[in-house]
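All remarks here apply to the structure that follows.
Numbering (this note's numbering), first residue to last: 52 to 182.
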């Protein structure tokens with residue numbers, strides 16, 4: 052199985068969702084699945100067998116992306132969408148695993164190219180939007 056894992060946050064950082072993403076990738080890896088993680092430009096390098104990490108380019112003004120809704124996150128999410136679109140054109144994935152707000156991106160790939168996706172929400176999106 053080949054999975055595109057959309058991780059719309061700095062990866063890897065020692066905090067909630069990035070820890071969950073790392074554990075999920077390790078779990079997929081133990082099953083022998085090939086995983087491409089697409090994430091923000093910030094974060095530490097980690098080595099996980101069968102896992103490749105792809106990052107969006109640095110965008111001016113988006114240093115220090117924090118959890119929650121922000122203009123920085125919107126800009127990074129747009130870059131995730133653009134890079135994911137290039138990735139699905141060049142690779143055939145069996146599944147897209149979408150974390151947090153990247154579910155909307157995965158849904159577009161479902162509608163446009165028929166990619167199945169799983170939506171994984173670690174927090175309450177509506178609370179993040181107003182908080």
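Here a beta-carbon is modelled for each residue, glycine too, at the ideal position from N, C-alpha and C.
In the three-state reduction of the DSSP assignment, residue 116 falls in the coil class. Relative to residue 89, the option among 114, 113, 72 whose CA is nearest is 72. Residue 124 is a Cβ neighbour of residue 152, given a cutoff of 9 angstroms. By the 16-neighbour rule on beta-carbons within 10 angstroms, residue 169 is exposed.
In this model, residue 52 and residue 64 are separated by some 26 angstroms (Cα to Cα). Sequence-distant Cβ neighbours of residue 156 in its own chain, meaning closer than 7 angstroms and more than five residues away, are 57, 131, 132, 135, 149. The region 137–144 makes no contact with the region 107–116, as fewer than three CB pairs between them are under 8 angstroms. Beta-bridge analysis with DSSP links residue 134 to no other residue.
Per the coordinates, the alpha-carbon of residue 68 lies some 15 angstroms from the alpha-carbon of residue 154. The distance from the Cβ of residue 128 to that of residue 59 is about 6 angstroms, consistent with a contact at the 8 angstroms cut-off.
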